[in-house]
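Chains as they are written, first to last, in our numbering: chain S, 1 to 115; chain A, 1 to 339.
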């Protein structure tokens with residue numbers, strides 16, 4: 001039961017994680033700051049999922065990266081590209097519509113449960 | 001080396017050369033970010049545990065799949081395997097058999113040769129099977145890795161799936177279908193009986209227990225008589241092969257196929273009767289041997305001939321009848337089931 005639930009949950013979250021990560025990259029972030037800002041908003045993401053995801057997004061030209069070596073500790077910053085911004089805004093719209101639809105759907109269910 | 005270095009090394013050694021340095025740098029800075037100012041080994045252990053198994057992390061960085069053949073190609077891979085494997089095995093067996101037949105010198109006991117051939121045949125078949133399996137898998141594993149198209153499951157024959165593919169799915173019931181194995185079996189059987197036919201004098205005969213296993217004493221059939229019929233035998237073989245190929249293309253029993261099959265059964269029965277009733281077919285030594293064996297029976301050879309004819313005709317009739325029976329099976333559609 002719990003393993004099935006877990007795998008379904010992972011499946012459900014997979015797409016939304018990309019969206020969550022993109023949303024945080026409107027301003028430049030390095031890996032760990034991204035983890036913290038996501039966690040602050042209650043979103044937990046495996047670090048072993050996040051770092052490869054960042055590189056993949058860069059490969060897909062959605063984000064750009066640069067090394068900041070001015071501080072004592074060098075950090076790699078990621079930020080949305082122009083293209084990434086366009087894609088993010090469209091995905092966001094898609095998500096809002098989808099969640100609205102699901103919300104309506106569930107509302108109908110709730111009423112049925114009481115009947 | 002400390003734990004962090006070891007961890008990074010474990011991740012990067014699994015990655016392509018060119019991305020190693022950058023990922024190593026990134027990982028190091030991230031891990032250090034996670035740690036407090038004056039960290040202990042316990043802190044490091046705790047944070048590395050969060051990052052998880054280095055092999056899993058490395059596979060996340062890799063674009064190439066962990067599986068050998070993914071969902072995109074798996075269907076067609078299995079399809080080709082099912083198609084090529086039996087075909088390759090049949091061709092191997094046929095060529096092997098023909099080769100044995102041609103190189104047979106006749107100075108060894110035939111039964112020994114046959115037993116050896118069976119063993120060798122099994123080895124050959126296994127060899128061919130493994131070879132086909134290996135190369136097909138290798139080709140698809142490479143395809144999986146070099147394919148740059150969007151990952152969507154393919155339909156048949158490497159084309160993207162379309163609803164038209166549904167029409168190609170055979171819609172006849174299983175009882176009506178002709179399995180490929182039946183076709184391969186038929187071809188193989190043809191090779192076997194032709195081999196026996198043209199080598200009858202050295203295979204079919206009387207054997208006696210000798211000092212070194214079985215010893216061939218005397219042939220039962222006159223090879224010259226058999227050889228004299230070669231043109232009609234060749235025609236029959238051609239018919240048999242033609243029907244096998246025809247079966248293979250239509251894949252199901254039809255009335256037309258049943259008729260062709262019946263004609264073939266009829267013609268081969270005639271041929272069989274013609275040859276077996278030839279007065280010179282059985283060698284005189286074989287006839288006298290039988291007469292000595294069954295002293296109460298008058299002319300045992302005649303009994304054998306009639307028995308063989310009856311068996312052959314019954315088999316042929318059953319085969320012809322089965323064809324019609326299978327061809328007349330009606331397809332039950334969904335509408336009919338619903339009533």
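C-beta: ideal position from N, C-alpha, C; glycine also.
Since this is a predicted model, take the numbers as computed values, not measurements.
Problem - Contacting positions in the region 47-60 of chain A - beta carbon closer than 7 Å to chain S - result: 50, 51, 52, 56, 57, 60
Exercise for the section: Pull up the distance between the alpha-carbon of residue 321 of chain A and that of residue 183 of chain A, whole angstroms please. Expected result: 18 Å
Practice task
Could you confirm whether any beta carbon from chain A is found closer than 7 Å to the beta carbon of residue 28 of chain S?
Solution key: no
Exercise for the section: Determine which residues share a DSSP beta bridge with residue 68 of chain S and list them. Expected result: S/75
Practice task
Please work out which residues of its chain come closer than 8 Å, Cβ to Cβ, to residue 194 of chain A, disregarding the five sequence neighbours upstream and downstream, and give them in chain order.
Solution key: 233, 237
Exercise for the section: Answer yes or no: does any C-beta atom of chain A fall closer than 7 Å to that of residue 47 of chain S? Expected result: yes
Exercise for the section: With 8 Å as the C-beta to C-beta threshold (strictly closer), list the residues of the region 25-48 of chain A near chain S in chain order. Expected result: 25, 26, 27, 29, 30, 32, 33, 34
Practice task
Could you check if residue 247 of chain A is buried or exposed, using at least 16 other CB atoms within 10 Å of its CB as the buried criterion?
Solution key: buried
Practice task
Measuring only between beta-carbons, confirm whether residue 326 of chain A sits less than 7 Å from chain S.
Solution key: no
Handout entry: is_contact[residue 137 of chain S, chain A] using C-beta, thresh 7 Å
Key = With chain S covering only 1 through 115, there is no way to say anything about residue 137 of chain S.
Handout entry: Short Cβ contact (7 Å threshold) for residue 177 of chain A with residue 254 of chain A
Key = no
Handout entry: C-alpha gap between residue 20 of chain S and residue 54 of chain S, whole angstroms
Key = 12 Å
Handout entry: Straight-line Cα distance separating residue 126 of chain A from residue 36 of chain S
Key = 58 Å
Exercise for the section: Mind listing, in chain order, the continuous alpha helix (DSSP H) runs of no fewer than 4 residues lying wholly within the region 2-35 of chain A? Expected result: 3-12, 17-34
Problem - Inter-residue Cα distance where the pair is residue 48 of chain A and residue 98 of chain S - result: 37 Å
Exercise for the section: Output the distance between the C-alpha atoms of residue 50 of chain A and residue 56 of chain S, rounded to the nearest integer angstrom. Expected result: 21 Å
Exercise for the section: Could you round the C-beta distance between residue 287 of chain A and residue 301 of chain A to whole angstroms and report it? I think they count as a contact, below 8 Å. Expected result: 5 Å
Handout entry: Terminal residues of the alpha helix (DSSP H) in which residue 307 of chain A lies
Key = 300-327
Problem - Sequence-distant residues of the same chain with beta carbon closer than 6 Å to residue 241 of chain A, five excluded per side - result: none
Exercise for the section: May I ask you to verify whether the region 61-81 of chain S touches the region 25-32 of chain A, counting CB pairs closer than 8 Å and requiring at least 3? Expected result: yes
Problem - For residue 204 of chain A and residue 71 of chain A, the rounded distance between their alpha carbons - result: 54 Å
Practice task
Classify residue 106 of chain S as helix, strand or coil using the three-state DSSP reduction.
Solution key: helix
Exercise for the section: Tell whether a beta-carbon distance below 7 Å holds between residue 54 of chain A and residue 116 of chain A. Expected result: no
Problem - Assigned secondary structure, residue 340 of chain A (DSSP; H/G/I helix, E/B strand, else coil) - result: There is simply no residue 340 of chain A to check, as chain A begins at 1 and stops at 339 in what is shown.
Exercise for the section: Report the partner residues of residue 80 of chain S according to the DSSP bridge assignment. Expected result: S/63
Practice task
With distances taken Cα to Cα, identify the nearest neighbour of residue 78 of chain A among A/90, A/131, A/136, A/57.
Solution key: A/136
Exercise for the section: Please classify residue 39 of chain A: does DSSP put it in a helix, a strand, or coil? Expected result: coil
Problem - C-beta neighbour in chain A for residue 32 of chain S, strict 7 Å - result: yes
Practice task
Assuming residue 3 of chain A contacts residue 41 of chain A (C-beta within less than 8 Å), just tell me the rounded distance between them.
Solution key: 7 Å
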